[in-house]
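For the sequence shown, the residue numbers in this note's numbering are 14 to 371. We put the beta carbon where it would ideally sit given N, CA and C, even for glycine. Please read these numbers as outputs of a predicted model, since none were measured by experiment. Just below is one structure, and these are the notes that go with it.
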Amino acid sequence: MRIQATDERHYLVEVFTKLGFNQDDSQLLADTLVDADLRGISSHGIQRLAWYCRMIKEGTIIPQNKAKIIRELPGSVLVDANQNMGQLATVLATQKIIEKAKKTGVAIAVIRNSNHFGTAGYYTRLALEAGLVGVALTNTRPLVVPTNATQAFLGSNAFAFGFPASPHPFMFDGATCVVSGGKIQVHAKKGEPLPGEWAVDKDRQVVTDAQEAEDILATAAFTEGEQKGGGVLTLGGNDEENSNYKGMGNSIVIELLTGILAQGSISADTVSGKHDFSQFVMVLNPAFFGDPEVLKKDATSMLDRIRQLEHIPGKEIWVPGDREYRLLAENKEKGVTIDEKTYQEMKEIGTELGIDVP
Numbered sequence: 014m015r016i017q018a019t020d021e022r023h024y025l026v027e028v029f030t031k032l033g034f035n036q037d038d039s040q041l042l043a044d045t046l047v048d049a050d051l052r053g054i055s056s057h058g059i060q061r062l063a064w065y066c067r068m069i070k071e072g073t074i075i076p077q078n079k080a081k082i083i084r085e086l087p088g089s090v091l092v093d094a095n096q097n098m099g100q101l102a103t104v105l106a107t108q109k110i111i112e113k114a115k116k117t118g119v120a121i122a123v124i125r126n127s128n129h130f131g132t133a134g135y136y137t138r139l140a141l142e143a144g145l146v147g148v149a150l151t152n153t154r155p156l157v158v159p160t161n162a163t164q165a166f167l168g169s170n171a172f173a174f175g176f177p178a179s180p181h182p183f184m185f186d187g188a189t190c191v192v193s194g195g196k197i198q199v200h201a202k203k204g205e206p207l208p209g210e211w212a213v214d215k216d217r218q219v220v221t222d223a224q225e226a227e228d229i230l231a232t233a234a235f236t237e238g239e240q241k242g243g244g245v246l247t248l249g250g251n252d253e254e255n256s257n258y259k260g261m262g263n264s265i266v267i268e269l270l271t272g273i274l275a276q277g278s279i280s281a282d283t284v285s286g287k288h289d290f291s292q293f294v295m296v297l298n299p300a301f302f303g304d305p306e307v308l309k310k311d312a313t314s315m316l317d318r319i320r321q322l323e324h325i326p327g328k329e330i331w332v333p334g335d336r337e338y339r340l341l342a343e344n345k346e347k348g349v350t351i352d353e354k355t356y357q358e359m360k361e362i363g364t365e366l367g368i369d370v371p
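In structure tokens, the structure reads:
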């Protein structure tokens with residue numbers, strides 16, 4: 014089913030306000046979820062709402078807490094999210110380093126004591142809107158089995174990168190594993206099988222039943238103590254011959270730049286008590302390196318050359334960002350797509366909080 018983005022946003026603002034967030038924070042949180050749904054990233058859209066509500070009730074997310082700046086220099090800032098939503102602290106940090114990068118050429122923010130922050134691309138787009146280049150990273154709950162392992166240890170550890178180009182920016186946003194846990198959750202809600210080698214069980218055998226995979230991830234991500242095993246595969250899939258150790262390496266790099274650098278928890282340790290996610294954002298000013306318009310033109314030329322390569326009949330060559338900007342235009346007109354189970358969750362939340370559902 015589809016609902017208009019304006020109706021989705023209004024509903025979400027009401028929900029977050031009822032959950033204890035102030036009006037500004039509620040509007041920001043709603044915007045991050047609507048933005049994901051508009052871009053076709055349903056794994057990080059409103060389908061996350063029931064999970065957010067549960068974490069607020071459990072005290073993992075504390076709406077009344079405010080993010081605070083711990084330390085800053087001309088080119089860096091350290092922010093404590095204070096156990097509130099990751100979106101709030103990361104927007105604060107990103108806005109700070111955007112202003113810094115305009116003066117210094119590059120600036121970095123690290124956020125500790127955080128929670129899930131939505132799509133990593135949301136923050137790189139803030140940089141792009143200011144004419145800058147953006148990078149955003151986060152660790153997560155332990156969902157990913159390293160090369161040859163049978164237990165989850167690493168997070169899905171998203172990485173986003175945005176660079177100015179036409180007709181839209183280059184916009185890469187993805188997990189460092191085969192697929193995010195949220196995408197498996199979407200398949201489970203729809204009752205659809207997993208289409209590829211996405212997840213494995215405790216014996217490292219591929220799992221195709223989405224609900225079975227979701228149960229494995231829920232156990233790995235939310236159970237303290239000894240794990241039953243299984244999880245999402247790193248980029249490269251199940252076999253070392255396909256270089257899945259490169260996906261593991263990418264994920265470890267993000268663990269180092271988030272949990273370790275922030276002096277927070279690595280993904281494997283977030284199952285004990287609070288979430289304690291960490292984030293890393295970097296912004297670069299292209300004007301320091303050359304004429305921004307020339308750099309944008311050169312980037313556009315390269316991307317167009319890739320799109321125009323000889324290709325398989327009936328297929329397109331997609332450059333990162335092409336799909337989501339096409340869906341953004343389509344969904345603004347037609348409305349965002351929501352699966353039936355998520356809509357049922359919306360109705361249950363609406364009934365509990367006394368809010369009309371669109």
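Pairwise C-alpha distance: R217 and F293: Approximately 31 Å, taken between the alpha carbons.
Bridge-paired residues (DSSP) for V199: Its beta-bridge partners do not exist; DSSP assigns none.
For H23 and H129, the rounded distance between their alpha carbons: 22 Å
Inter-residue CB distance, C190 and S280 (contact presumed, cutoff 8 Å): Wrong, their Cβ atoms sit about 11 Å apart, outside the cutoff.
G187 - containing beta strand (DSSP E), residue span: 183-187
Inter-residue Cα distance where the pair is D20 and V370: 9 Å
Backbone secondary structure at T313 - three-state DSSP: helix
Cα-Cα separation between A114 and Q224, rounded to whole angstroms: About 44 Å.
Own chain residues within Cβ distance below 6 Å of V26, not counting five before or after: S39, Q40, A43
N- and C-terminal bounds of the alpha helix (DSSP H) containing N263: 257-268
Close-in-space but distant-in-sequence residues of the same chain around L341 (CB under 7 Å, 5 per side omitted): L51, R52
Beta-carbon gap between I75 and Q96 smaller than 8 Å: Taking the C-beta atoms as reference points, Q96 is found nearer than 8 Å to I75.
Entirely enclosed alpha helix (DSSP H) segments - the segment 92-156, minimum 4 residues: Along the length of the segment 92-156, whole alpha helix (DSSP H) runs at least 4 residues long occupy 99-117, 134-142, reported in chain order.
Validate contact between the segment 250-260 and the segment 202-217 using beta carbons, cut 8 Å, 3 pairs: yes
Span of the alpha helix (DSSP H) around R336: 335-347
Length of the line joining the Cα atoms of F172 and V332: 16 Å
Identity of the residues DSSP links to V28 by a beta bridge: BP columns for V28 are empty, so no partner.
Short Cβ contact (8 Å threshold) for P87 with T132: With contacts defined by Cβ atoms closer than 8 Å, P87 and T132 do not form a contacting pair.
Counterpart residues of F290 in DSSP-defined beta bridges: S127
Any 3 or more C-beta pairs closer than 8 Å across the segment 319-326 and the segment 163-177: no
Expected contact under 8 Å - CB spacing of I368 and K31 to nearest Å: 7 Å
Which of helix, strand or coil DSSP assigns to V192: coil
Start-to-end residues for the beta strand (DSSP E) that takes in R67: Element bounds for R67: not the beta strand (DSSP E) but the alpha helix (DSSP H), 62-71.
Alpha-carbon to alpha-carbon, G334 and H181: 8 Å
Residues near S127 in its chain [Cβ-Cβ closer than 7 Å; skip 5 each side]: A94, G99, A102, F290, S291, Q292
Span of the beta strand (DSSP E) around E85: Note, E85: beta strand (DSSP E), 81-86.
Boundaries (first-last residue) of the alpha helix (DSSP H) holding F235: Per DSSP, F235 belongs to the alpha helix (DSSP H) from 223-235.
Cβ contact check for the segment 321-330 and the segment 293-311: 3 or more pairs under 8 Å: no
Cβ-Cβ separation, L62 to E358 (assumed contact under 8 Å), whole Å: So it is a contact: roughly 7 Å between Cβ atoms.
Test: A342 CB closer than 8 Å to a CB of chain D: Although the question refers to chain D, the structure presented lacks it and comprises just one protein chain.
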